[in-house]
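K.L.:
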Amino acid sequence: MGLALKNISYQYKDQGNENKYALQKVSFSMEKGEYVALIGHTGSGKSTLTQHLNGLLRPTSGQYFFDGEDVYGEHFSMKMLRQKVALCFQYPEYQLFEETVLRDIAFGPANMGYGKEESEKKARDAMKLVGLSPELERAAPFALSGGQKRRVALAGILSMEPDYLILDEPVAGLDGAGKEQLFGLLEHLRRENNLGILLVSHDMDDVASYADRVLVMSEGRLVMDGKKEEVFSREEMLREMGLDVPHSVHFYHKLREREYFRENKDGLPMTAEALAQDIAEEWHDSRHDVGTIL
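In my numbering, the protein residues as written are 15 to 308.
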């Protein structure tokens, strides 16, 4: 049944202007196992929306259902919601605070009421999920590398066994290898644990490479919700909202303008690899002189 928001609106109390809302009648649903990206310019309402999903904010109006239950109903457990819908802020390693890796990861389960033994078991299982060696259990989190700290922070969230993981710019500050490793880990978790992932990102290439569906926010409204190919085909509309498209899509449109690709070419290349494959196939079929076209 998943998550379902219906006409969620939110107004910050200190805004003064009764007509200005951070969210305006936002509706969408999401199932376990989905990989969804949330994009929008700064101030579009992305952060406000994600904080509603985790129960940190309550809407001015609208409804939110989790597996068919009314989140704002009298008997619904917000503690359960925050366990099942985990929110990972940007630079999560800044939230590490315990003396050892194991204690830091076990903090979440312990805070949920599990005993020491069970909390540590969940922490060790989470360490295994994210590829942290058991030898690091007693290491000080602050002595680890940047990539290892990010994994410890992620393990701390996974130790609470969420069904959905909301990630705000999860690869910020990581180098190319670190980004690839983290995104590979997230895809593995999605497939193996049927984890629903909501990726908040400004990097359209990352969105195109990993997400299947894209939500677009603008001025507090959800203005697009569709498959990534559908969303990124609307380049002009996205640019009007201050957003970009993946480099592969931009380059593909430039080639179309120069009539390199046939008019009946289907789909958009979402990655550089897909674009290269399209170019190779077109070259093979038409024998165009790429050098003169480019």
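We treat Cβ as the ideally placed atom computed from N, Cα and C, and that holds for glycine.
All figures in this text were calculated on a predicted structure; none of them were measured in a lab.
According to DSSP, simplified to helix, strand and coil, what is residue 80?
P.N.:
Here residue 80 is taken as the residue at index 66 of the sequence shown, counted from 1. If DSSP states are grouped into helix, strand and coil, residue 80 belongs with the strands.
K.L.:
Ignore the nearest five residues each way along the sequence and tell me which others in residue 249's own chain have a CB closer than 8 Å to its CB.
P.N.:
Within the sequence shown, the letter at position 235 stands for residue 249. Closer than 8 Å at Cβ, skipping near neighbours: 259, 263, 264 and 267.
K.L.:
Rounded to the nearest angstrom, how far is the Cβ of residue 221 from that of residue 53, given a contact under 8 Å?
P.N.:
Along the sequence shown, one-based indexing puts residue 221 at 207. Along the sequence shown, one-based indexing puts residue 53 at 39. About 6 Å separates the two Cβ atoms, so the contact holds.
K.L.:
Quick check on the burial criterion: 16 or more other C-beta atoms within 10 angstroms. Buried or exposed for residue 8?
P.N.:
With the chain covering 15 to 308 only, the question about residue 8 has no answer from this structure.
K.L.:
If you pair each beta-carbon of the region 32-52 with each one of the region 60-76, do three or more pairs fall below 8 Å?
P.N.:
Yes, the region 32-52 touches the region 60-76.
K.L.:
Would you report the Cα separation of residue 85 and residue 99, rounded to the nearest angstrom?
P.N.:
Taking the sequence shown and counting its residues from 1, one reaches residue 85 at position 71. Taking the sequence shown and counting its residues from 1, one reaches residue 99 at position 85. Looking at the two C-alpha atoms, the distance is approximately 12 Å.
K.L.:
Might you give, ordered along the chain, the residues of its own chain that have their beta carbon closer than 8 Å to the beta carbon of residue 2, omitting 5 neighbours on each side?
P.N.:
Nothing about residue 2 can be read from this structure; the chain reaches only from 15 to 308.
K.L.:
My assumption, with CB atoms under 8 Å, is that residue 116 sits in contact with residue 151. Please give the rounded CB distance.
P.N.:
Within the sequence shown, the letter at position 102 stands for residue 116. Within the sequence shown, the letter at position 137 stands for residue 151. Yes, residue 116 and residue 151 are in contact; Cβ-Cβ is about 4 Å, under 8 Å.
K.L.:
Find the nearest neighbour of residue 144 within the set 58, 79 and 196, judged by alpha-carbon distance.
P.N.:
As a first step, residue 144 must be located in the sequence shown, where it is residue number 130. Answer by Cα proximity: 196.
K.L.:
Per the DSSP calculation, residue 241 is bridged to which residue(s)?
P.N.:
The residue you call residue 241 lines up with position 227 of the sequence shown. Its beta-bridge partners are 227.
K.L.:
Considering only residues of the same chain and omitting the five flanking positions on each side of residue 247, which have a CB-CB separation below 7 Å?
P.N.:
For this step, residue 247 is matched to residue 233 along the sequence shown. Counting only Cβ-Cβ distances below 7 Å, and skipping sequence neighbours, we find 282.
K.L.:
In whole angstroms, what is the alpha-carbon distance linking residue 240 and residue 44?
P.N.:
Numbered from 1 along the sequence shown, position 226 holds the residue referred to as residue 240. Numbered from 1 along the sequence shown, position 30 holds the residue referred to as residue 44. Straight-line Cα distance between these residues: approximately 12 Å.
K.L.:
My parser needs the beta strand (DSSP E) runs of 3 or more residues fully inside the region 16-104; what are they?
P.N.:
Fully enclosed beta strand (DSSP E) runs of 3 or longer: 17-24, 37-44, 49-53, 75-80 and 99-102.
K.L.:
Three or more C-beta pairs closer than 8 Å, one from the region 196-207 and one from the region 120-137: is that the case here?
P.N.:
At 8 Å Cβ cutoff, the stretches do not touch.
K.L.:
Which class does residue 133 belong to by DSSP, given the choice of helix, strand or coil?
P.N.:
On the sequence shown, residue 133 is found 119 positions in, with the first residue counted as 1. Note: residue 133 maps to helix in three-state DSSP.
K.L.:
Could you tell me if residue 159 is buried or exposed, where buried requires 16 or more neighbouring beta carbons within 10 angstroms of its beta carbon?
P.N.:
In the sequence shown, residue 159 corresponds to position 145, counting from 1. Exposed is the call here.
K.L.:
For the alpha helix (DSSP H) containing residue 217, name the first residue and the last one.
P.N.:
Translated into the one-based positions of the sequence shown, residue 217 becomes position 203. Run containing residue 217: none; DSSP gives neither H nor E here.
K.L.:
Apart from the five residues on each side of it in sequence, which residues of its chain come closer than 6 Å, Cβ to Cβ, to residue 21?
P.N.:
Counting from one through the sequence shown, the residue named residue 21 turns up at place 7. Cβ neighbours of residue 21 beyond the five flanking positions: 39, 41 and 76.
K.L.:
Are the CB atoms of residue 234 and residue 35 nearer to each other than 8 Å?
P.N.:
Locating residue 234 in the sequence shown gives position 220, where the first residue counts as 1. Locating residue 35 in the sequence shown gives position 21, where the first residue counts as 1. Cβ distance < 8 Å, so residue 234 and residue 35 count as in contact.
K.L.:
Please report the distance separating the alpha-carbon of residue 256 from that of residue 123.
P.N.:
Locating residue 256 in the sequence shown gives position 242, counting from the first residue. Locating residue 123 in the sequence shown gives position 109, counting from the first residue. Using only the alpha carbons, I get a separation of about 41 Å.
K.L.:
Whose C-beta lies closer than 6 Å to the C-beta of residue 224 among residues of the same chain, with five residues either side of it excluded?
P.N.:
Residue mapping note: residue 224 aligns to position 210 of the sequence shown, counting from 1. The residues are 197.
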